[in-house]
Amino acid sequence: MKNTTQSVNRQENFLNLEDFKSEVTIASPGRINLIGEHIDYNGGHVLPAAINKKIKLYLRKNGSDTCNIWSENYKVGFSFKLSEVVPSDQEWQNYILGVVHFIEKLKEGSVQGFDCVIKSELPMGSGLSSSAALECGLAKGLNELFKIGLTSEEIITLSRDAEHTYVGTKCGIMDQFAVTRGKKNHLILLNCQDLNYELIPSDIEPYQLVLLNSNVSHNLASSEYNTRRNECELAMETIQKKYPMYTYLVDVPEAVLEEFKEELPQKVYDRASYVIAENQRTLMAANAFGDELFDVVGKLLYQSHEGLSTLYEVSCKELDFMVDFSKQFDYVLGSRMMGGGFGGCTINIVHQDFVESYIEAISKAYKEAFQIDLSPIEVKISNGVKKKKNGKYNK
Ligand code: GLA
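Numbering of the sequence shown is given in my numbering, commencing with residue 379 and proceeding in unit increments.
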């Protein structure tokens, strides 16, 4: 995106967290997704949850028409005037600029000059959605700081719009929804067509969810993401010419898709066939979860990965290696890549007695294969974005 903004880059102790008196402090979580990948923008069901790893945002008004932002992790910052909110050529700045733009679009004149320090525990590019955490955290923070009166739905959708327009990734709604609506110890079975959702207790004793960060993040992620979305749209447009009653790809019966096998390019057919199957797997997994059939859930995770890798083509050799390696252990019920793909984490269902030995074995094998260290990420399923009040975080 073109840098037409007058935003000014800043360095070195620009806003010092140590003596920063914040009026509003926000904790905004990352998310996991058990199953239902790349189907939120196809009207599908997904099964995410917010986690206890967060981005913290410290905000205060500054009585001017300028906004000053500082990243404590990267020791960089920038300033921009409220009258000049336009996309920047620095991706991270666009998360901020986009959110301010869309709040102003909804409630003109509601944002005034502010200072904001950002401190993150979420590794970027790991598939834990640090982007949605930043967007929704800032939207929530400004909402509290300036008493704007945005609803949670507005925070979710304006954050998604910021990502579409300013960042340029045509993401679905899952991440922003999970970050905002997450509930401690619950997975969210979210219907992305109408945003109806059901909370499912996340306890899987004697198993545990284990996240393993491959520590690779291939550059393709954003451009290939948009390509996948376009391919799904092409499939839908073609099918709708004959069957206008279908609005979402997930609702097209397999037999109907089959009719288009010759007409659709092979890749587009494969994408559609993955999408339809993944939605069914998510619903099966949610049911199996409710019945404590964790081995069934695990099998569905493996199948999901297979589809993501061979039909949807958003995996990479490192993630495929990790999932394949896991298959030899009976105590690993399931494993798959998580999030947008091309790197990031796998999510694994592992028996609690074997978590350590699993991590040891897979880390060793991964290092041998790629000369890269794996990072296990310990997460607990936690509440959505919150404001800190009297030393505690409240909704
Ligand atoms: C990214 C997007 C989400 C979703 C996932 C894949 O995290 O932001 O909307 O599409 O990829 O499931």
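All C-beta atoms, glycine included, are put in the ideal place defined by N, C-alpha and C. Keep in mind the model is a prediction, meaning the values are calculated, not measured.
Query raised in the report: Taking Cβ positions, are residue 494 and residue 592 nearer each other than 8 Å?
Result: No, the pair does not count as a contact, with Cβ atoms beyond the cut-off.
Query raised in the report: Nearest-angstrom Cα distance between residue 596 and residue 497?
Result: Our two residues, residue 596 and residue 497, have alpha carbons roughly 24 Å apart in a direct line.
Query raised in the report: Any heavy atom of the ligand GLA closer than 7 Å to the CB of residue 472?
Result: Every heavy atom of the ligand GLA is 7 Å or more from the Cβ of residue 472, so no.
**Report entry** Helix, strand or coil at residue 553 [DSSP, three-state]
**Finding:** Here DSSP, grouped into helix, strand and coil, assigns residue 553 to helix.
Query raised in the report: Do the stretch 385–405 and the stretch 430–442 make contact, defined as three or more Cβ pairs closer than 8 Å?
Result: Short answer: they touch.
Query - Where residue 403 sits in the DSSP three-state scheme - result: Residue state for residue 403 is assigned as strand, using DSSP reduced to three classes.
**Report entry** Alpha-carbon spacing of residue 499 relative to residue 647, whole angstroms
**Finding:** One C-alpha to the other measures close to 39 Å.
Query raised in the report: Who are the Cβ neighbours of residue 501 in its own chain at under 8 Å, not counting the five residues just before and after it?
Result: Within the same chain, residue 501 has close Cβ partners 508, 591, 753 and 755.
Report task. Could you tell me the distance, in whole angstroms, from the CA atom of residue 780 to the CA atom of residue 503? Result -> Outside the shown range of the chain (379 to 773) lies residue 780, about which nothing can therefore be said.
**Report entry** Assigned exposure category for residue 461 - 16 Cβ within 10 Å defines buried
**Finding:** It is exposed - the Cβ of residue 461 has fewer than 16 other Cβ atoms within 10 Å.
Query raised in the report: According to the neighbour-count rule (16 or more other Cβ atoms, all chains shown, within 10 Å of its Cβ), is residue 441 buried or exposed?
Result: That one is exposed.
Report task. Return the first residue and the last residue of the beta strand (DSSP E) that residue 620 is part of. Result -> That residue, residue 620, is in no beta strand (DSSP E); its alpha helix (DSSP H) goes 599–620.
Query raised in the report: Say the cut is 7 Å; is the CB of residue 451 nearer than that to a heavy atom of the ligand GLA?
Result: Result no, Cβ not under 7 Å from the ligand GLA.
**Report entry** Rounded separation between residue 776 and residue 407 - CA only
**Finding:** Because the chain spans 379 through 773 in this model, residue 776 falls outside it and cannot be assessed.
Report task. Output the boundary residues of the alpha helix (DSSP H) element that contains residue 539. Result -> Annotation for residue 539: the continuous alpha helix (DSSP H) segment containing it runs 530–540.
Report task. Enumerate in chain order the residues of its own chain whose CB-to-CB distance from residue 413 is below 7 Å, with the five nearest sequence positions on each side excluded. Result -> 425, 659, 660, 663, 678, 679 and 682, listed in sequence order.
**Report entry** alpha helix (DSSP H) segments (min. 4 residues) lying fully within the stretch 664–699
**Finding:** For the stretch 664–699, whole alpha helix (DSSP H) runs of length 4 or above, ordered along the chain, are 672–688.
Query - Contact test: residue 621 Cβ vs the ligand GLA heavy atom, cutoff 7 Å - result: No, Cβ of residue 621 sits at least 7 Å from all heavy atoms of the ligand GLA.
Requested in this report: Tell me, please, which residues DSSP counts as bridged to residue 457.
Outcome: Note: residue 457 sits in a beta bridge opposite 386 and 446.
Query raised in the report: Can you list the beta strand (DSSP E) stretches of 3 or more residues lying completely in the stretch 448–512, in chain order?
Result: With a minimum length of 3 residues, the continuous beta strand (DSSP E) runs that stay inside the stretch 448–512 are 454–459 and 492–498.
Query - Spatial neighbours of residue 580 in its chain, beta-carbon cut-off 7 Å, leaving aside the 5 residues before and after - result: Same-chain partners within the cutoff: 427, 563, 564, 565 and 759.
Requested in this report: Would you kindly work out how many angstroms separate the C-alpha atoms of residue 602 and residue 477, rounded to a whole number?
Outcome: If you take the alpha carbons of residue 602 and residue 477, they lie about 24 Å apart.
Report task. Pull up the distance between the alpha-carbon of residue 629 and that of residue 390, whole angstroms please. Result -> Their backbone Cα atoms lie some 53 Å apart in a straight line.
**Report entry** residue 718 classed as buried or exposed, judged by whether at least 16 other C-beta atoms fall within 10 angstroms
**Finding:** Buried, because 16 or more other Cβ atoms sit within 10 Å of the Cβ of residue 718.
Report task. Please go through the same chain and pick out, in chain order, the residues whose beta-carbon is closer than 7 Å to the beta-carbon of residue 420, but skip the five residues on each side of it. Result -> Answer for residue 420: 610, 626, 627, 628 and 653, listed in chain order.
Query raised in the report: Are residue 736 and residue 672 closer than 8 Å when you measure CB to CB?
Result: Cβ atoms of residue 736 and residue 672: not closer than 8 Å.
Query raised in the report: Who pairs with residue 578 in a beta bridge, going by DSSP?
Result: DSSP output for residue 578 lists 565 as bridge partner(s).
Report task. Kindly confirm or deny that the stretch 529–541 and the stretch 470–486 touch, where touching means at least three C-beta pairs closer than 8 Å. Result -> Result yes; three or more Cβ-Cβ pairs closer than 8 Å.
Query raised in the report: When a residue counts only if its C-beta is closer than 5 Å to some heavy atom of the ligand GLA, which residues count, in chain order?
Result: This criterion selects 415, 416, 418, 549, 550, 552, 553, 717 and 718.
Query raised in the report: In whole angstroms, what separates the C-alpha of residue 464 from that of residue 707?
Result: When the Cα atoms are used, residue 464 and residue 707 turn out to be separated by approximately 51 Å.
Query raised in the report: Between residue 703 and residue 727, is the Cβ-Cβ spacing less than 8 Å?
Result: No, Cβ-Cβ distance for residue 703 and residue 727 is not below 8 Å.
**Report entry** Selected residue, minimal CA-CA separation from residue 750, among 716, 700, 668 and 705
**Finding:** Checked all of 716, 700, 668 and 705; the closest Cα to residue 750 is 700.
**Report entry** Range of the contiguous alpha helix (DSSP H) that encloses residue 327
**Finding:** Here the chain has residues from 379 to 773 only, and residue 327 is not among them.
Query raised in the report: Got a sec, what are the start and stop residues for the beta strand (DSSP E) residue 711 sits in?
Result: First-last of the beta strand (DSSP E) with residue 711: 710–715.
Query raised in the report: In terms of DSSP beta bridges, what is residue 595 paired with?
Result: The secondary-structure analysis by DSSP pairs residue 595 across a beta bridge with 721.
Query raised in the report: residue 521 and residue 534: beta carbons closer than 8 Å?
Result: Taking the C-beta atoms as reference points, residue 534 is found no nearer than 8 Å to residue 521.
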